[in-house]
Amino acid sequence: MYSHETKIRVRYAETDQMGVVYHGNYFQYFEAARGEWLRSLGFSYADMEKSGIIMPVVEVQCKYLRPALYDELITVKVILQELPQHHKITFLQEIYNEGNELLASGRVILFFMNAQNKQRAKMPEALYEKLKPFFNDDVAHGA
Numbered sequence: 133m134y135s136h137e138t139k140i141r142v143r144y145a146e147t148d149q150m151g152v153v154y155h156g157n158y159f160q161y162f163e164a165a166r167g168e169w170l171r172s173l174g175f176s177y178a179d180m181e182k183s184g185i186i187m188p189v190v191e192v193q194c195k196y197l198r199p200a201l202y203d204e205l206i207t208v209k210v211i212l213q214e215l216p217q218h219h220k221i222t223f224l225q226e227i228y229n230e231g232n233e234l235l236a237s238g239r240v241i242l243f244f245m246n247a248q249n250k251q252r253a254k255m256p257e258a259l260y261e262k263l264k265p266f267f268n269d270d271v272a273h274g275a
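Mapping to my numbering: the sequence shown position 82 is 214, numbers consecutive.
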């Protein structure tokens with residue numbers, strides 16, 4: 133398993149008149165945290181795109197438990213429980229408030245795709261090598 137946490141300050145523009153974060157903005161928080169998760173490994177989406185791989189979101193789910201509020205410093209956790217073996221990568225994501233209360237939990241599935249022909253692709257080898265130490269050694273890439 134590999135996880136990473138990102139802190140985000142809720143901005144006024146992300147809330148409604150009551151100071152509550154609009155439900156669609158949680159997906160932006162998820163995305164920002166996935167980018168930082170990748171960066172924590174010494175890799176970036178820009179690196180991946182330069183290598184010819186893109187990662188479209190193909191499925192997203194979110195369960196809202198408590199509201200995030202204006203000016204709160206939220207923590208967005210990204211968890212990769214399984215090392216991808218093919219074209220699909222599944223992230224579990226959680227958002228906590230400053231009191232460490234779970235506000236929302238979600239699951240986001242992305243595909244690795246060849247940027248030119250839009251066909252499914254395996255995870256870039258460089259990213260696989262960065263993640264491999266966090267998972268069971270007897271997993272073979274592409275098996």
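Idealized CB from N, CA, C, for every residue including glycine. The model shown is predicted, which means the values in this text are computed figures rather than measured ones.
Best match in the options for proximity to residue i [C-alpha to C-alpha]
i       : options                               : result
Ile-241 : Asn-249, His-155, Thr-138 and Cys-194 : Cys-194
Met-150 : Tyr-134, Leu-201 and Phe-175          : Leu-201
Tyr-228 : Pro-199, Met-245, Gln-213 and Asn-246 : Pro-199
Ser-183 : Phe-266, Gln-248, Lys-264 and Pro-265 : Gln-248
For residue i, three-class secondary structure by DSSP
i       : result
Ser-183 : coil
Arg-143 : coil
Cα-Cα separation, residue i to residue j
i       : j       : result
Val-189 : Phe-243 : 7 Å
Gln-225 : Arg-252 : 24 Å
Ile-297 : Ala-164 : Nothing about residue 297 can be reported from this structure: the residues present for the chain run from 133 to 275 only.
Gly-238 : Tyr-196 : 9 Å
Cβ-heavy atom distance, residue i to the ligand HEM, below 7 Å
i       : result
His-155 : In terms of ligand content, the structure shown is empty, and the ligand HEM therefore cannot be addressed.
Assumed close pair residue i, residue j - CB separation to whole angstroms, cut-off 8 Å
i       : j       : result
Glu-137 : Thr-222 : 18 Å between Cβ atoms; not a contact.
>> Could you check whether the region 150-162 touches the region 211-219, counting it as contact only if at least three pairs of C-beta atoms, one from each stretch, sit closer than 8 Å?
In response: Taking a cut-off of 8 Å for Cβ pairs, the region 150-162 and the region 211-219 do not touch, as fewer than three such pairs fall below it.
> Given 8 Å as the limit, is there contact between the region 166-177 and the region 256-263, that is, 3 or more CB pairs closer than that?
Replying inline: The region 166-177 is in contact with the region 256-263.
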